[in-house]
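Read through the structure below, which is laid out as structure tokens, and then see the notes.
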Amino acid sequence: MNIAIILAAGVGERINSSLPKQFLPLGDNKRVYHYSLNAFYINPNIDLIFFVTNSEYVEHIKAEIKDKYVDKKIIVCSGGTTRYDSLNNAIKVINDTIAYKVFDINIITHDAARPFVSQSLINNHIEKLEYFGVVNTIIPSIDSLLEMDINNNILSYPNRSKFYCVQTPQSFKLRSYNQLITNFYDQEINDVIKLFYLNNVVISNVIGEPRNFKITTEFDYQIAVKIVS
Numbered sequence: 016m017n018i019a020i021i022l023a024a025g026v027g028e029r030i031n032s033s034l035p036k037q038f039l040p041l042g043d044n045k046r047v048y049h050y051s052l053n054a055f056y057i058n059p060n061i062d063l064i065f066f067v068t069n070s071e072y073v074e075h076i077k078a079e080i081k082d083k084y085v086d087k088k089i090i091v092c093s094g095g096t097t098r099y100d101s102l103n104n105a106i107k108v109i110n111d112t113i114a115y116k117v118f119d120i121n122i123i124t125h126d127a128a129r130p131f132v133s134q135s136l137i138n139n140h141i142e143k144l145e146y147f148g149v150v151n152t153i154i155p156s157i158d159s160l161l162e163m164d165i166n167n168n169i170l171s172y173p174n175r176s177k178f179y180c181v182q183t184p185q186s187f188k189l190r191s192y193n194q195l196i197t198n199f200y201d202q203e204i205n206d207v208i209k210l211f212y213l214n215n216v217v218i219s220n221v222i223g224e225p226r227n228f229k230i231t232t233e234f235d236y237q238i239a240v241k242i243v244s
């Protein structure tokens, strides 16, 4: 069973808007989150979708998607104070309502603020999960890098070819996650892949796409507007 978790509980402090970035308008009668949600909705390999959002938006989102997405079940639930908490809120619901009935569950997580995720990228994750317990999305760094100290003095020029930026989707076997989370929940983990890395789990990496960028700043948002216009 393949379950997508769309993470949409961020507040978007780095973008100049009273609305969280995932709820900004994008295209005709759409919001940013509609694009990532729709990408997983139309994928025939995805069986169920969890949409995790700020608690104050839960009922609004339920009403907004009620008549637009009727062919595949979408469960809207509240997020937490951090990205990791939001993920675990969805995982808890899955464990309480589904996991006891289905042994093999794949979790495919994605940022709602990455509206242009492709079908091929989603399918690559699902295919990799046939052979690996964890799948990450990475893209090579295109800029030169500097290591700085706290006083902004240059410490080193790292070899750029060794560095990659992390995108989503990020995917894993639910049973593997459940085995690890008990011992590591209290640690500072802002990226689910780090949980598996800390436990020496083999991680398969899928090369991402430049178009699969995250809307973080006003400039990012304007690029997204141009893409859909």
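Counting the sequence shown from 1 gives a position; my numbering is that position plus 15.
Glycine is no exception: its CB is placed at the ideal position from the N, C-alpha and C atoms.
Can you give me the C-alpha to C-alpha distance between residue i and residue j, rounded to a whole angstrom?
i, j, result
"aspartate 43", "alanine 105", "30 Å"
"cysteine 92", "asparagine 166", "43 Å"
"valine 240", "asparagine 174", "34 Å"
"glutamine 37", "lysine 229", "10 Å"
"serine 32", "isoleucine 153", "28 Å"
"glutamine 237", "proline 40", "11 Å"
"asparagine 261", "isoleucine 208", "Absent from the structure is residue 261, since the part of the chain shown begins at 16 and ends at 244."
"serine 219", "phenylalanine 147", "7 Å"
"asparagine 139", "tyrosine 48", "22 Å"
"lysine 88", "serine 70", "20 Å"
"glutamate 74", "leucine 195", "32 Å"
"isoleucine 76", "leucine 52", "12 Å"
"methionine 16", "lysine 83", "23 Å"
"isoleucine 159", "serine 176", "The residue asked about is misnamed: residue 159 is serine in this sequence, not isoleucine. So the alpha carbons of these two residues sit roughly 9 Å apart."
"isoleucine 113", "asparagine 103", "15 Å"
"threonine 197", "leucine 213", "13 Å"
Considering only the alpha carbon of each residue, which of the options lies closest to residue i?
i, options, result
"valine 108", "Leu41, Leu144, Ile64 and Val150", "Ile64"
"serine 156", "Phe178, Tyr56, Glu142 and Pro130", "Phe178"
"alanine 128", "Thr183, Lys188 and Phe211", "Thr183"
"glutamine 134", "Phe55, Phe211 and Ile76", "Phe55"
"serine 191", "Ile122, Arg46 and Leu170", "Ile122"
"valine 124", "Ile113, Leu161, Ile137 and Phe131", "Going by the sequence as given, residue 124 is threonine instead of valine. Among Ile113, Leu161, Ile137 and Phe131, the Cα nearest to that of threonine 124 is on Ile137."
"valine 243", "Ala19, Pro35, Ile21 and Tyr50", "Tyr50"
"asparagine 58", "Asn168, Glu224 and Val132", "Val132"
"tyrosine 99", "Ile21, Asn168 and Lys143", "Ile21"
"asparagine 193", "Asp119, Glu145 and Gly223", "Asp119"
State the DSSP-derived secondary structure class of residue i, mapped to helix, strand or coil.
i, result
"phenylalanine 55", "helix"
"isoleucine 76", "helix"
"methionine 179", "The question names methionine, but residue 179 is tyrosine in the sequence shown. Tyrosine 179: strand per DSSP, three-state reduction."
"lysine 36", "helix"
"alanine 114", "coil"
"asparagine 215", "coil"
"glutamate 162", "strand"
"aspartate 126", "strand"
"arginine 46", "strand"
"lysine 229", "coil"
"serine 171", "strand"
"leucine 41", "coil"
Drop a sphere of 10 angstroms on the beta-carbon of residue i, count the other beta-carbons inside from all chains shown, and report buried for 16 or more, exposed for fewer.
i, result
"lysine 116", "exposed"
"isoleucine 30", "buried"
"arginine 226", "exposed"
"lysine 188", "buried"
"tyrosine 172", "exposed"
"valine 26", "exposed"
"phenylalanine 66", "buried"
"phenylalanine 234", "exposed"
Write down the C-beta distance between residue i and residue j rounded to the nearest angstrom, noting that I regard them as a contact closer than 8 Å.
i, j, result
"asparagine 151", "valine 181", "7 Å"
Would you check whether the ligand NAP has a heavy atom nearer than 8 Å to the C-beta of residue i?
i, result
"threonine 231", "For the structure depicted, the ligand NAP is absent and the ligand set is empty, with no information on it obtainable."
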